[in-house]
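Below is one structure, written out as structure tokens; the observations come after it.
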Amino acid sequence: MNNSIIAIDQSGSFRVYLTLSTDAVAEACRIHETSPLATQALGRVLTGAGLMGLMLKEPKDRITLQFKGDGPAREILATAYGSGDVKGYISNRLLDLPPKEDGSPDVGSAIGIGVLTVIKDVGLKEPYVGRIDLSSGEIADDLTMYFFLSEQQSSSVALGVSSAPDCPVKAAAGFIVQMLPDAVDGAAEALENALAGLGSLSRLAEDCDGPRELLDKVFGTLPAEFSVSALEERNIRWHCGCSMERLEQVMLTLGADELRRLLEEDGEAELTCQFCRSRYHFDRAHLEMLLRVSTQAAQIKEERRKRYEAQQKGEAPEPRKSN
Ligand SMILES: [Zn+2]
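Under my numbering, the first residue of the sequence shown is numbered -11, with each subsequent residue one higher.
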């Protein structure tokens, strides 16, 4: 069953991206063995990234959210693809802080003062990079601010994860409402009223069978002229596409000298994927092979450079003779 919906209201004033991301967040929590607060923080970032992934046009397009602050969480990063795949990690997976006065998890203090960086790679020569100072570190507010400052887009973001002692992720959900350029008068106010009395999104999500039910719970109180209907159903799922081939590429970026040093000093190497914690072991024979590839690549590059320089010299106009 699909867990996400793109919807629009009757008057064409706003678009809604909504997801029940429980499975993806539960998978992240299982893989990274996160503490309750780390699950909250990572779950919100993953859900936010997944929702922004729904806005991408091509399955291969991707968006990365990086929250980096001076709090104990250090860094939280999530990448989402247009295909609906999401992956992410948190530097401090055992993060623990007392809850806020109202009993809610203190994600803001966990992240602290810092910066949100958004990297959007849609197959252009250079990826788009947007950067803002964090407003609260509570993730949803920061994303709302990001849309406003970096994309001049008025939007409303809500993200929530709920847990119970016997079940680290009971429910996870999120939505982004984006105002459209032709929004009619009264749409923003109607939305504000509907969302004001909403309460906890994750609690609402707990007894929902699917995203349509959640959509109805969240937006069902809007007046008829702004009632929302689904345009499209999509699916957000946890997936890390790492492989030995990709990790070989990472090893090759070290360069021949570093590979030689690894071979001589350790005789083997092990890399762990940051996203899914899969381990990739490189034995001596494998490292020797990579060193050969790296050395050959360096030689080819050098020859190409020489040939290019010779060509440039040959084709360069003769220096003018001075009289
Ligand atoms: Zn991986």
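Yeah, the Cβ is synthetic: ideal placement off N, Cα and C, and Gly gets one too.
| Check | Outcome |
| --- | --- |
| For M(-11), which of helix, strand or coil comes out of DSSP? | coil |
| Quick one: Cα of V110 to Cα of E21, how far? | 32 Å |
| Measuring from the CB of S(-1), is there a heavy atom of ligand 1 at a distance below 6 Å? | no |
| Please identify the residue among F2, L279, K108, L183 whose C-alpha is closest to the C-alpha of G70. | K108 |
| Taking the beta carbon of K75 as the centre, do at least 16 other beta carbons fall within 10 Å, making it buried, or is it exposed? | buried |
| Grouping DSSP H, G and I as helix and E and B as strand, with all else coil, what is A171? | coil |
| Out of curiosity, what's the CA-to-CA distance linking L210 and S124? | 28 Å |
| Is M232 buried or exposed, if buried means 16 or more other CB atoms sit within 10 Å of its CB? | exposed |
| Using a Cβ-based criterion (distance less than 6 Å to any ligand heavy atom), does C261 qualify as near ligand 1? | yes |
| Pair every Cβ in the stretch 57 to 65 with every Cβ in the stretch 166 to 184, then say whether three or more of these pairs are closer than 8 Å. | no |
| What residue from S9, A152, Q54 has the CA that sits closest to D73's CA? | S9 |
| On the CB-based measure, 16 or more other CB atoms within 10 Å of its CB, does G31 come out buried or exposed? | buried |
| Count Cβ pairs between the stretch 250 to 267 and the stretch 23 to 41 that sit closer than 8 Å; are there 3 or more? | no |
| Output the distance between the C-alpha atoms of P47 and K301, rounded to the nearest integer angstrom. | 45 Å |
| Spatial neighbours of L147 within its chain, please: C-beta separation below 6 Å, excluding the five flanking residues on both sides. | R32, T35, G36, I127, A128, G162 |
| Tell me which residues share the same chain as E276 and place their Cβ nearer than 7 Å to its Cβ, disregarding the 5 neighbours each side in the sequence. | L251 |
| Assign F263 to one of three DSSP states: helix, strand, or coil. | coil |
| Would you mind sorting R50 into buried or exposed? The rule is 16 or more other CB atoms within 10 Å of its CB. | buried |
| How close, in whole Å, do the beta carbons of A68 and M40 come, if the pair is a contact with beta carbons under 8 Å? | 6 Å |
| Work out the CA separation of R225 and S79 for me, nearest whole Å. | 21 Å |
| Within 7 Å (strictly less), CB to CB, does T105 reach chain C? | Given the protein chain composition of this structure (a single chain), no chain C is represented. |
| Is the stretch -3 to 13 touching the stretch 148 to 167, taking contact as three or more C-beta pairs under 8 Å? | yes |
| Quick check on A103: buried or exposed, where buried means 16 or more other Cβ atoms within 10 Å of its Cβ? | Before going further, note that residue 103 is Val rather than Ala in the sequence given. Result: exposed. |
| Entirely within the stretch 187 to 260 and at least 3 residues each: give me those beta strand (DSSP E) ranges in chain order. | 216 to 222, 257 to 260 |
| Helix, strand or coil: how does DSSP classify I101 here? | coil |
| Quickly, what does DSSP pair I120 with across the bridge? List them, please. | L104 |
| Does K45 come out as helix, strand or coil in the three-state DSSP assignment? | coil |
| Do T105 and Q141 have their C-beta atoms closer together than 7 Å? | no |
| Helix, strand or coil for R32, going by three-state DSSP, please let me know. | helix |
| With which residues is H269 paired in a DSSP beta bridge? | E258 |
| Do you know offhand how far T287's Cα is from I(-7)'s? | As written in the sequence, residue 287 is Gln, which differs from the Thr given in the question. Cα-Cα distance, rounded: 52 Å. |
| From what residue to what residue does the alpha helix (DSSP H) around T10 run? | 10 to 20 |
| When you measure from the CB of C312 to every non-hydrogen atom of ligand 1, does any distance come out below 6 Å? | Shown here, the chain extends from -11 to 311; a query on residue 312 therefore has no answer. |
| DSSP puts E139 in a beta bridge; with which residues? | Answer is none; E139 lacks a bridge partner. |
| What did DSSP end up calling S282 once you bin it into helix, strand or coil? | helix |
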